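Notes follow the structure.
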């Protein structure tokens, strides 16, 4: 049985393309690769920064993403054909609920 500190933590980063989100992902990446803590990024969201969101989803192998802007959502769908994409003003809620129900 793994110790409490050894359990993998599932993380959703809302606003992942903003400065706080980018820094949160950098810290998680550091803790995972360097320190050995176990994190899994399971969801990401952005307002309209689809290029950064796509790069993040690919790097962290994220399959659930949300983007508010409809045009950006179309570009994300094209770039990430295997991902589940939520879009619109309530996309963050949809993302969180979908991943909560998946546990």
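In this note's numbering, the protein residues as written are 1313 to 1415.
Ideal Cβ positions, reconstructed from N, Cα and C, are used throughout, including at glycine.
These numbers come from a predicted model, not from an experiment.
Could you tell me which of 1402, 1319, 1333 and 1411 sits nearest to residue 1395, measuring between CA atoms? With distances taken between Cα atoms, residue 1395 lies closest to 1411.
Kindly provide the ranges of any alpha helix (DSSP H) runs that are 4 or more residues long and lie completely inside the region 1359-1385, ordered along the chain. Scanning the region 1359-1385 from its first residue to its last, the whole alpha helix (DSSP H) runs of 4-plus residues come out as 1362-1372.
CB of residue 1325 within 9 Å of CB of residue 1346, strictly: Cβ distance not < 9 Å, so residue 1325 and residue 1346 don't count as in contact.
Residue 1407 vs residue 1377 beta-carbon contact at 9 Å: Yes, the pair counts as a contact, with Cβ atoms nearer than the cut-off.
Quick one: what does DSSP say residue 1339 is sitting in, helix, strand or coil? In the structure shown, residue 1339 falls within a helical segment according to DSSP collapsed to helix, strand and coil.
If residue 1350 and residue 1321 are in contact, beta carbons under 8 Å, what's the gap, nearest whole angstrom? About 7 Å; that satisfies the 8 Å criterion.
Whether residue 1384 touches residue 1357 by CB criterion (9 Å): Residue 1384 is not a Cβ neighbour of residue 1357, given a cutoff of 9 Å.
Leaving out five residues before and five after residue 1314 in sequence, what residues of the same chain have Cβ atoms less than 7 Å from its Cβ? With a pLDDT of only 45 at residue 1314, under the threshold of 50, the placement of this residue in the model should not be trusted, and no figure is reported.
Hey, how far is the Cα of residue 1388 from the Cα of residue 1342? Between the alpha carbons of residue 1388 and residue 1342 lies a distance of about 26 Å.
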